[in-house]
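Counted the way our numbering counts, the sequence shown spans residues 3 to 328.
No residue lacks a Cβ here, since even glycine has one placed at the ideal position from N, Cα and C.
Bear in mind that the values here come from a model prediction, so they are computed numbers and not experimental data.
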Amino acid sequence: MNGDGVEWRPTAPLANLRARAALYAEIRRFFTERDVFEVETPVLGLATVTDVHLHSFVTRFTGPGSPEGMTLHLQTSPEFAMKRLLAAGSGAIFQISKVFRDEECGRFHNPEFTMLEWYRPGFDHHQLMDEIEALLGRVAGIGVVERLSYREAFQRYAGIDCGAKRELLRECAISHGVIEASPDPSHDSNYWLDMLLSHVVGPQLGHGQATFIYDFPATQAALAKIGGRHTAVAERFEVFVSGMELANGYHELTDPDEQRRRFDADNQKRIAAGLAPVAVDERLIASLHAGIPSCAGVAMGLDRLMMWLTQAETINEVLAFPIDRA
Numbered sequence: 003m004n005g006d007g008v009e010w011r012p013t014a015p016l017a018n019l020r021a022r023a024a025l026y027a028e029i030r031r032f033f034t035e036r037d038v039f040e041v042e043t044p045v046l047g048l049a050t051v052t053d054v055h056l057h058s059f060v061t062r063f064t065g066p067g068s069p070e071g072m073t074l075h076l077q078t079s080p081e082f083a084m085k086r087l088l089a090a091g092s093g094a095i096f097q098i099s100k101v102f103r104d105e106e107c108g109r110f111h112n113p114e115f116t117m118l119e120w121y122r123p124g125f126d127h128h129q130l131m132d133e134i135e136a137l138l139g140r141v142a143g144i145g146v147v148e149r150l151s152y153r154e155a156f157q158r159y160a161g162i163d164c165g166a167k168r169e170l171l172r173e174c175a176i177s178h179g180v181i182e183a184s185p186d187p188s189h190d191s192n193y194w195l196d197m198l199l200s201h202v203v204g205p206q207l208g209h210g211q212a213t214f215i216y217d218f219p220a221t222q223a224a225l226a227k228i229g230g231r232h233t234a235v236a237e238r239f240e241v242f243v244s245g246m247e248l249a250n251g252y253h254e255l256t257d258p259d260e261q262r263r264r265f266d267a268d269n270q271k272r273i274a275a276g277l278a279p280v281a282v283d284e285r286l287i288a289s290l291h292a293g294i295p296s297c298a299g300v301a302m303g304l305d306r307l308m309m310w311l312t313q314a315e316t317i318n319e320v321l322a323f324p325i326d327r328a
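As structure tokens, then:
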């Protein structure tokens, strides 16, 4: 601190910052060898996500050509812009990008963080899981990867089938100490599944290895396709290391009409939760109408990967300047 008591130094040891630079260089080599090229898309955008659980920062542009001001959003992910590049014929692409999420700060969260996102035309979600396994082996020395279906993970670690009725999921959450008081009875099954995944199942995954869970309930498809031979499932997966969610990937939805329906459904949920609806990204919808190739994509938190690599207890140990020192 200086004489005024202001802390100016980074929270991360310089060794961790050097390790981050080495990680980025190795990631870039990995994708260069596979003919996946690096792109850059805007951090500020006219549109943002409709997901009820994600909150974007909003700012105003008042420069030339915008005398009344223009509302802009700091992006929670580069996904929409990258899909527009796919529609333009980019082929396989990746990006290391700063992204921003309001209302998220803690041991594993900083409002500003770094995301690795990539898209593979011609891949389904299983093929993309294979590539993630190769990447983690290359940059993090993770040689053994466990794969469980969402249903298997819930049966093994929560002792319940993910297709159980809402009341049973609620009772399971209570029995595991997830909640102390009687919760809002209006919460649906997806609420309880999210609670169990976050507080019971997820913390038990990825110890000593990475764990992939795949084939989420169709009601949690987000931006994934719906598939499955016998039971409809979302062709979606998440990756866990040391109990942390590291990555979230999809066999991507490419149907513009279904995408708009999901955006509209998100906005109905937002209104029901007392949140303002979000304008649909019409540029993304237009790109889907133009046609993006069948592909799989994934977003990976590089700060959390750094935590795993350095055995850090908190995200501040791998960030130069977290929000309270920005």
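Integer Cβ distance of residue i from residue j, believed to fall under 8 Å
i: Leu138; j: Ala212; result: 6 Å
i: Glu240; j: Ala249; result: 7 Å
i: Leu311; j: Thr116; result: That pair is no contact at about 14 Å.
i: Ala298; j: Asp126; result: 6 Å
i: Leu74; j: Thr61; result: 5 Å
i: Leu290; j: Phe82; result: About 10 Å separates the two Cβ atoms, so there is no contact after all.
i: Leu88; j: Ile325; result: About 32 Å; that fails the 8 Å criterion.
Opposing strand residues paired with residue i [DSSP bridges]
i: Val243; result: Ala212, Met246
i: Met309; result: Partner(s): none; Met309 has no beta bridge.
i: Cys297; result: Pro123
i: Pro324; result: According to DSSP, which records beta bridges pairwise, Pro324 is partnered with nothing at all.
i: Glu40; result: Phe96
i: Glu133; result: Answer is none; Glu133 lacks a bridge partner.
i: Met84; result: In the DSSP output, where bridge partners are listed per residue, Met84 has none listed.
i: Phe115; result: Val101
i: Val54; result: In the DSSP output, where bridge partners are listed per residue, Val54 has none listed.
i: Pro219; result: Val235
i: His253; result: Ala298
Reference residue i; option with closest CA among the options
i: Arg306; options: Asn318, Ile273, Ala298; result: Asn318
i: His112; options: Ile228, Glu247, Val101; result: Sequence inspection shows Asn at residue 112; the His mentioned does not correspond to that position. Among Ile228, Glu247, Val101, the Cα nearest to that of Asn112 is on Val101.
i: Ala278; options: Ala288, Arg285, Ser289, Asp266; result: Asp266
i: Pro258; options: Met84, Tyr252, Ala288; result: Ala288
i: Ser296; options: Leu199, His232, Gln129, Leu150; result: Gln129
i: Lys85; options: Val146, Leu255, Glu148, Ser68; result: Leu255
i: Asp104; options: Pro44, Lys227, Ser58; result: Ser58
i: Ala234; options: Val243, Thr221, Phe82, Asp326; result: Thr221
i: Val141; options: Ala17, Tyr26, Leu225; result: Tyr26
i: Gln77; options: Pro69, Gly71, Gly108, Pro44; result: Pro44
i: Gly210; options: Ala281, Gly145, Gly251; result: Gly145
i: Gln97; options: His291, Arg30, Leu56; result: Arg30
i: Ser188; options: Ala275, His253, Pro80; result: Ala275
i: Gly245; options: Arg263, Phe214, Gly204; result: Gly204
i: Phe218; options: Tyr152, Asn192, Tyr193, Gly179; result: Tyr152
i: Ile215; options: Ala223, Gly229, Phe82, Phe242; result: Phe242
i: Ala301; options: Ser79, Ile181, Ser68; result: Ser79
i: Lys167; options: Tyr193, Leu150, Glu154; result: Tyr193
i: Leu56; options: Leu88, Glu28, Val280; result: Val280
i: Phe34; options: Arg109, Ser68, Trp120; result: It is worth fixing the name first, because residue 34 is Thr in this sequence and not Phe. Closest by alpha carbon: Trp120.
i: Gln313; options: Ala14, Ile294, Glu9, Val8; result: Ala14
i: Gly229; options: Arg272, His253, Ser68, Asn269; result: His253
Span of the beta strand (DSSP E), counted from its first residue to its last, around residue i
i: Glu9; result: Segment: none, Glu9 is in no beta strand (DSSP E) and carries neither H nor E.
i: Phe96; result: 95-102
i: Glu319; result: Unbroken run through Glu319: none, as it is neither H nor E.
i: Leu16; result: Counting along the chain, Leu16 falls outside any beta strand (DSSP E), though it belongs to the alpha helix (DSSP H) covering 16-35.
i: Leu150; result: 147-151
i: Phe265; result: Looking at the DSSP string, Phe265 is not in any beta strand (DSSP E); the run it does join, the alpha helix (DSSP H), is 258-274.
i: Arg62; result: 60-63
Limits of the unbroken alpha helix (DSSP H) element including residue i
i: His75; result: His75 -> not in any alpha helix (DSSP H); beta strand (DSSP E) instead, spanning 72-76.
i: Asp196; result: 191-198
i: Leu170; result: 168-177
i: Glu284; result: 284-292
- Flag this pair as touching only if the stretch 79-98 and the stretch 32-41 have three or more C-beta atom pairs under 8 Å; answer yes or no. yes
- Would you check if there are 3 or more beta carbon pairs closer than 8 Å linking the stretch 127-138 to the stretch 155-163? no
- Stretch-stretch touch, CB-based, cutoff 8 Å, three pairs: the stretch 9-28 with the stretch 44-53: no
- Message: For the structure I just gave you, are there three or more beta carbon pairs, one from the stretch 162-172 and one from the stretch 190-197, closer than 8 Å?
- Response: yes
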